[in-house]
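Peer 1: The structure under discussion is supplied below as structure tokens; questions concerning it will follow.
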Amino acid sequence: MTLTAKGPLVVSTPGELRQLVQGCEVALVPTMGYLHEGHAALIRAARAAVPDGRVVVSVFVNPMQFGPNEDLSRYPRDLERDLRVAGHAGADVVFHPQVSTMYPEGFSTSVTVSGVSEPLDGAARPGHFTGVATVVLKLLNMVRPDVALFGEKDWQQLAVIRRMVRDLNVPVEVRGVPTIRAASGLALSSRNSYLTADQQARAAVLSAALRAVQGAFAAGERRREALEEAGRVVLASEPDLSVDYLSVVGGDMQEREKVENDPMNRVLVAARLSGVRLIDNMALIAPEGPE
Numbered sequence: 025m026t027l028t029a030k031g032p033l034v035v036s037t038p039g040e041l042r043q044l045v046q047g048c049e050v051a052l053v054p055t056m057g058y059l060h061e062g063h064a065a066l067i068r069a070a071r072a073a074v075p076d077g078r079v080v081v082s083v084f085v086n087p088m089q090f091g092p093n094e095d096l097s098r099y100p101r102d103l104e105r106d107l108r109v110a111g112h113a114g115a116d117v118v119f120h121p122q123v124s125t126m127y128p129e130g131f132s133t134s135v136t137v138s139g140v141s142e143p144l145d146g147a148a149r150p151g152h153f154t155g156v157a158t159v160v161l162k163l164l165n166m167v168r169p170d171v172a173l174f175g176e177k178d179w180q181q182l183a184v185i186r187r188m189v190r191d192l193n194v195p196v197e198v199r200g201v202p203t204i205r206a207a208s209g210l211a212l213s214s215r216n217s218y219l220t221a222d223q224q225a226r227a228a229v230l231s232a233a234l235r236a237v238q239g240a241f242a243a244g245e246r247r248r249e250a251l252e253e254a255g256r257v258v259l260a261s262e263p264d265l266s267v268d269y270l271s272v273v274g275g276d277m278q279e280r281e282k283v284e285n286d287p288m289n290r291v292l293v294a295a296r297l298s299g300v301r302l303i304d305n306m307a308l309i310a311p312e313g314p315e
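First residue of the sequence shown? That's 25 in this note's numbering, and the numbers climb one at a time after it.
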């Protein structure tokens, strides 16, 4: 175990971790590192959830959730930066395991969550959510937190984790934390570091498209195709954008021809700009009063 000068305790094995959290109320924030203000918001929410307990931040770039042609080898990594961000936001412990610790020789078990994992990113990135569910379940078993916090930017991921926890009776409360955005509207993401300042400004077209869908819904439009078209018109204004999907779905991640006024409805988008894949989503909120 290594105590940093002005930061959280860093551990790399489940045994060390259990010693630090035994008998405490615990909040877990799972991350792949390269922490930014969005992660800091998660850690602050975790600190508020267990003011007298332990906040654990995991930093692990999970190879199981990357496809063969994705960015595993170049995914940004900077543990010193992560410790600074985590410490300033209120973390007590950073769990930084090796791949061999998480997936020892002979590892052959995976977790598949049917239904919510299959459309959208599940279709665009086969196997991705199996990797996510497997590593999150392992982290939950290692840390045994009372509450685990995830960013709402990865809305489908959050749905997958909630379903897994429910179906497998995992004794943890899963909380979503609202997306943190740059002044331009761009959702904060570790992968934003791949983009230049100009490209990040252009990538804000994703959030502009989502706001256009929100506006159409608030104005009374309920046809899914019409709502999605409102967003696609905005996306088309950025010629270098390659769109994977823009979809209006319910809480089960399924499309419906008519979108009812339900707080679980979301519009989700995934697209590539200069080869960098970005995702975002927003809730569909209707004004109060009769439809």
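Using N, Cα and C, we set each Cβ at its ideal position, and we do this for glycine too.
Using 9 Å as the threshold, is the C-beta distance between arginine 247 and valine 273 below it?
Peer 2: No, the Cβ-Cβ distance between arginine 247 and valine 273 is not below 9 Å.
Peer 1: Can you pull the DSSP bridge partners for threonine 55?
Peer 2: Answer is Val83.
Peer 1: Report, in whole angstroms, the separation of the C-beta atoms of alanine 402 and valine 79, which I expect to be a contact under 8 Å.
Peer 2: With the chain represented from 25 up to 315, any question about residue 402 goes unanswered, as that position is not in the structure.
Peer 1: At what residue ranges does the region 262-288 contain a whole run of the beta strand (DSSP E), taking only runs of 3 or more?
Peer 2: Correct list: 265-273.
Peer 1: For arginine 296, which residues of its own chain have a beta-carbon under 6 Å away from its beta-carbon, when the five flanking residues on both sides are left out?
Peer 2: Cβ within range, chain order: Ser266.
Peer 1: Let me confirm a value: isoleucine 67 is counted as buried when at least 16 other C-beta atoms fall within 10 Å, else exposed. Which label applies?
Peer 2: Under this definition isoleucine 67 is a buried residue.
Peer 1: Can you tell me whether glycine 200 is helix, strand or coil according to DSSP?
Peer 2: Glycine 200 falls in the strand class under three-state DSSP.
Peer 1: Quick check on DSSP: helix, strand or coil for isoleucine 309?
Peer 2: Looking at isoleucine 309 - three-state DSSP - the assignment turns out to be coil, as it is neither helix nor strand.
Peer 1: Does the region 218-231 come close enough to the region 61-77 to have 3 or more Cβ pairs within less than 8 Å?
Peer 2: With the cut-off at 8 Å, the region 218-231 and the region 61-77 do not touch.
Peer 1: Roughly how many whole angstroms lie between the Cα atoms of valine 117 and leucine 52?
Peer 2: For valine 117 and leucine 52, the distance between alpha carbons rounds to 10 Å.
Peer 1: Ignore the nearest five residues each way along the sequence and tell me which others in glutamate 315's own chain have a CB closer than 7 Å to its CB.
Peer 2: Residue confidence for glutamate 315 is low, a pLDDT of 49 falling below 50, so the modelled location carries little weight and cannot support an answer.
Peer 1: DSSP three-state label for leucine 33, please.
Peer 2: Of the three classes helix, strand and coil, the one that applies to leucine 33 here is strand, per DSSP.
Peer 1: The beta strand (DSSP E) with alanine 294 in it runs from where to where?
Peer 2: It spans 290-297 - the beta strand (DSSP E) in which alanine 294 sits, taken as one unbroken run.
Peer 1: Check whether the Cβ atoms of valine 83 and leucine 59 lie closer than 9 Å to each other.
Peer 2: In contact: valine 83 and leucine 59 (Cβ atoms closer than 9 Å).
Peer 1: Look up arginine 149 in the DSSP assignment and say whether it is helix, strand or coil.
Peer 2: Correct three-state label for arginine 149: coil.
Peer 1: Is the region 142-162 touching the region 97-108 in the sense that three or more CB pairs, one from each, lie closer than 8 Å?
Peer 2: Taking 8 Å as the limit for Cβ pairs, the verdict is that the region 142-162 does not touch the region 97-108.
Peer 1: Can you tell me whether leucine 192 is buried or exposed, with buried defined as 16 or more other CB within 10 angstroms of its CB?
Peer 2: Its Cβ having fewer than 16 others within 10 Å, leucine 192 is exposed.
Peer 1: Among all the DSSP beta bridges, which residues are the ones paired with leucine 302?
Peer 2: Ala295.
Peer 1: In its own chain, which residues sit with a C-beta less than 6 Å from the C-beta of asparagine 305, not counting the 5 before and 5 after it?
Peer 2: Result list for asparagine 305: Trp179, Arg290, Leu292, in chain order.
Peer 1: Pull up the distance between the alpha-carbon of asparagine 24 and that of glycine 209, whole angstroms please.
Peer 2: With the chain represented from 25 up to 315, any question about residue 24 goes unanswered, as that position is not in the structure.
Peer 1: If we ignore side chains and look at the alpha-carbon of each, how far apart do glutamate 176 and serine 213 end up?
Peer 2: Glutamate 176 and serine 213: Cα-Cα distance of roughly 12 Å.
Peer 1: Under three-state DSSP, which class holds valine 257?
Peer 2: Looking at valine 257 - three-state DSSP - the assignment turns out to be helix.
Peer 1: Between which two residues does the beta strand (DSSP E) containing valine 74 stretch?
Peer 2: That residue, valine 74, is in no beta strand (DSSP E); it is neither H nor E in DSSP.
Peer 1: At the level of alpha carbons, what is the spacing between proline 143 and arginine 187?
Peer 2: So the alpha carbons of these two residues sit roughly 15 Å apart.
Peer 1: Taking the C-alpha atoms as reference points, what is the distance between methionine 25 and phenylalanine 131?
Peer 2: For methionine 25, the pLDDT reaches just 39, beneath the cut-off of 50, and the residue's location in the model is therefore unreliable, leaving the point undetermined.
Peer 1: Identify the continuous alpha helix (DSSP H) that holds valine 109 and give its terminal residues.
Peer 2: Where valine 109 is concerned, the enclosing alpha helix (DSSP H) stretches over 103-113.
Peer 1: Report the option in Pro263, Ala310, Arg280 whose CA atom is closest to the CA atom of glutamine 238.
Peer 2: Selected option, being the one with the closest Cα: Ala310.
Peer 1: Use the C-beta contact count for glycine 91: other C-beta atoms within 10 angstroms, 16 or more gives buried, fewer gives exposed.
Peer 2: Exposed, since its Cβ has fewer than 16 Cβ neighbours within 10 Å.
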